[in-house]
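*Asks:* I am attaching a structure below and will ask some questions about it afterwards.
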Amino acid sequence: MGLSRTTKISILLGITGSFFVVELVVGYVVGSLALIADAYHMLNDAISLGIALYAIRLSKRTANVRYTYGWHRAEVIAALTNGVFLLALCFSILMESFERFAHPPEIDNPRLVVIVGAVGLGCNLFGLALFHDHGHDHGHNHGHGHGHGDKPASVHNHLEHAEADIENPVPIRRSDSIHSIYGLPAQNRAAIKQVAQEYYQQSRPGPSNELDVQERGENDIALDDHFMSPTTIKSHSTKNDKHAHHDAPSDGSLNIRGVLLHVAGDALGSIGVVVSGLIIWFVGSPGRFYADPALSVAITILIMCSAIPLVRSAGFILLQGVPSFISLSDVRAGIADVPGVDSVHELHVWQLSEARLIASVHIKVSPTRSYMDIVRDVKSVFHRHGIHSGTVQPEFADDGSDTKCEITCPPNTCSTKEACCPLPAIKED
1 MGLSRTTKIS
11 ILLGITGSFF
21 VVELVVGYVV
31 GSLALIADAY
41 HMLNDAISLG
51 IALYAIRLSK
61 RTANVRYTYG
71 WHRAEVIAAL
81 TNGVFLLALC
91 FSILMESFER
101 FAHPPEIDNP
111 RLVVIVGAVG
121 LGCNLFGLAL
131 FHDHGHDHGH
141 NHGHGHGHGD
151 KPASVHNHLE
161 HAEADIENPV
171 PIRRSDSIHS
181 IYGLPAQNRA
191 AIKQVAQEYY
201 QQSRPGPSNE
211 LDVQERGEND
221 IALDDHFMSP
231 TTIKSHSTKN
241 DKHAHHDAPS
251 DGSLNIRGVL
261 LHVAGDALGS
271 IGVVVSGLII
281 WFVGSPGRFY
291 ADPALSVAIT
301 ILIMCSAIPL
311 VRSAGFILLQ
321 GVPSFISLSD
331 VRAGIADVPG
341 VDSVHELHVW
351 QLSEARLIAS
361 VHIKVSPTRS
371 YMDIVRDVKS
381 VFHRHGIHSG
391 TVQPEFADDG
401 SDTKCEITCP
411 PNTCSTKEAC
421 CPLPAIKED
């Protein structure tokens, strides 16, 4: 069994904190900016690792009356904090490097600089190897949006178990009566019936797939131990809505990405320390002392090129932007194609965390179809796009209504910026 994220970060935190002290002392003794810069980079990493570790523990806390969504965004905030710290450190090193270009100091013991830099590089390579498994998994982690309807957790557990058994499918066992499920809560019964209907509709060959399972009578409904075969689970799609295959990140990957970025930056810094030490050690030219600030600038720019995307990604989630792997127009079109939906407005999709998507939408519905049937289809559209937490607000309006939003704030009670829908125009006497 591999080490947990918490254990890996704790090990790396101990190594980083210890080596910060060593690099800082040696850097000031020999007067190497590259070594001092790398030491403060190590300190920044130690702080960032502590933040990441604390964020992981926070994210495991359950929701309460004050934090109704729990602490899902703790790791996103940690990633943003780490990225900002890294950029601030890069800026300070750049300023110091420019000063060293004007007044390059002499380094008394380049051999010691090379030795310390090499040891630091070894520590950083160990840190990269420690998180290698995560980086590999993240590179091959693809989120797949499959619509299963709005089912309780117990039903989803069966579905997930069925998908895990794809290599060894279990023969379907049928129940001779659906009344055997009546002991379950109403929500579970409804979900089980829905899954059974979906299974029956998709498992029958030929044109009969379009028939409603209820026409056969309740006693003939087939119930599977897993409710669906894995191939049935993966085949949820409609002609009006594309099957969503999103490259969605997993929860916590942004936080670990920040950790990996710090470790990679440390490795680059250590390489710079070794190279500058070797140049000063073996090159006899007076210009050899410019190698120290020059390499510091080059490495700092490389680190900034990686830190800026991290800050942007974390900030984008906190600003509740539409994820790049979600097409809002496709979601809107899929909802608009649901029978009984007359119009769609106030559609919002955002990320609570890296892997959890949330959506809300207002729909005008036709009285010719049951609202529960309509909202079930709308939720299916959400599910097919990987959105498993959605709120649907119905608006029942007379035909021919030209009002975009039927449910608005009363006049003079809401600010335009605070209301979800445009406020109605106030007629002047």
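In terms of the UniProt record's numbering, the sequence shown is residues 1 to 429. For each residue, glycine too, the CB sits at the ideal point set by N, CA and C.
Take M42 as the anchor and find which of G120, T391, L53, A52 has the nearest alpha-carbon.
*Replies:* When only C-alpha atoms are compared, the closest one is G120.
*Asks:* What residue range does the beta strand (DSSP E) around S343 cover?
*Replies:* It spans 341-351 - the beta strand (DSSP E) in which S343 sits, taken as one unbroken run.
*Asks:* Looking only at C-alpha atoms, which of T81, G340, R100, S4 sits nearest to S370?
*Replies:* Ranking the options by Cα distance to S370, first place goes to G340.
*Asks:* Pairs of beta-carbons, one from the stretch 40-59 and one from the stretch 76-85, closer than 8 Å: are there three or more?
*Replies:* Short answer: they touch.
*Asks:* Could you compute how far the alpha carbon of G117 sits from the alpha carbon of I271?
*Replies:* If I take the Cα positions, the gap works out to 7 Å.
*Asks:* Just to confirm before moving on: does the CB-CB distance between V274 and V114 stay below 7 Å?
*Replies:* In this structure, V114 lies closer than 7 Å to V274 by Cβ.
*Asks:* Per DSSP, what kind of secondary structure is G14 in: helix, strand or coil?
*Replies:* It is helical.
*Asks:* At 3 residues or longer, what runs of the beta strand (DSSP E) sit wholly inside the stretch 98-132?
*Replies:* Fully enclosed beta strand (DSSP E) runs of 3 or longer: not present.
*Asks:* Hey, could you find the ends of the beta strand (DSSP E) A359 is sitting in?
*Replies:* Note, A359: beta strand (DSSP E), 357-365.
*Asks:* Around the Cβ of Q351, are there at least 16 other Cβ atoms within 10 angstroms (buried) or fewer (exposed)?
*Replies:* With 16 or more Cβ atoms within 10 Å of its Cβ, Q351 is classed as buried.
*Asks:* Which one of L128, L328, L278, T81 has the shortest CA to CA distance from H263?
*Replies:* A small fix is needed here, since residue 263 is Val in this sequence, not His. Closest by alpha carbon: L128.
*Asks:* To the nearest angstrom, how far is it from the Cα of L254 to the Cα of L268?
*Replies:* So the two alpha carbons sit approximately 21 Å from each other.
*Asks:* Within its chain, find whatever has a CB closer than 6 Å to the CB of L94; leave out the 5 residues flanking it on each side and keep chain order.
*Replies:* Result list for L94: T300, in chain order.
*Asks:* For R216, collect the residues of the same chain with a Cβ closer than 6 Å to its Cβ; drop the 5 residues on either side in sequence, then sort them by chain order.
*Replies:* Because the pLDDT at R216 is just 38, under 50, the model does not fix this residue reliably, and the point stays unresolved.
*Asks:* DSSP state of V392, grouped into three classes?
*Replies:* Of the three classes helix, strand and coil, the one that applies to V392 here is strand, per DSSP.
*Asks:* Look at A46 and T16 and say whether their C-beta atoms are less than 7 Å apart.
*Replies:* Yes. Within cutoff.
*Asks:* Among residues of its own chain, excluding the 5 on either side of G390, which ones have a beta-carbon nearer than 8 Å to its beta-carbon?
*Replies:* So the qualifying residues of the chain are I358, A359, S360, V361, V378, K379, F382.
*Asks:* Do the stretch 91-111 and the stretch 59-73 meet, that is, are 3 or more Cβ pairs less than 8 Å apart?
*Replies:* The stretch 91-111, when compared against the stretch 59-73, does not touch it at the 8 Å Cβ threshold.
*Asks:* What is the C-beta distance between V365 and P394, in whole angstroms, given that I count them as a contact (C-beta under 8 Å)?
*Replies:* Confirmed, about 5 Å.
*Asks:* Sort R100, A307, A314, L125 by Cα distance to A74 and report the nearest one.
*Replies:* Here the closest residue by C-alpha is A314.
*Asks:* Please confirm whether L33 and P293 have their CB atoms less than 7 Å apart.
*Replies:* Cβ atoms of L33 and P293: closer than 7 Å.
*Asks:* Please report how far the alpha carbon of T368 lies from the alpha carbon of A333, in whole angstroms.
*Replies:* Each residue's alpha carbon lies about 21 Å from the other.
*Asks:* Using CA coordinates, which residue listed in R288, L328, G258 is at the minimum distance from M304?
*Replies:* For the residues R288, L328, G258, the minimum Cα distance to M304 belongs to G258.
*Asks:* Have a look at H385, I363, T62 and flag the residue whose alpha-carbon is nearest the alpha-carbon of V349.
*Replies:* When each option's Cα is compared against that of V349, the closest is H385.
*Asks:* Taking 7 Å as the cut-off, decide whether the C-beta atoms of V25 and D108 are in contact.
*Replies:* No.
*Asks:* Is it right to say F131 is buried, meaning 16 or more other beta carbons lie within 10 angstroms of its own, or is it exposed?
*Replies:* It is buried - the Cβ of F131 has at least 16 other Cβ atoms within 10 Å.
*Asks:* What is the DSSP secondary structure of T7, counted as helix, strand or coil?
*Replies:* DSSP places T7 in helix when its eight states are reduced to three.
*Asks:* What residues in its chain sit with their C-beta under 6 Å from that of residue 445, if we drop five residues either side in the sequence?
*Replies:* The requested residue 445 does not occur in the structure, where the chain is confined to residues 1 to 429.
*Asks:* Do you know whose CA, among E354, I326, Y28, S10, lies nearest R57's CA?
*Replies:* The shortest C-alpha separation from R57 is found at S10.
*Asks:* Pick out whichever of V76, V22, N44, V338 has its Cα sitting closest to the Cα of F316.
*Replies:* Answer by Cα proximity: V76.
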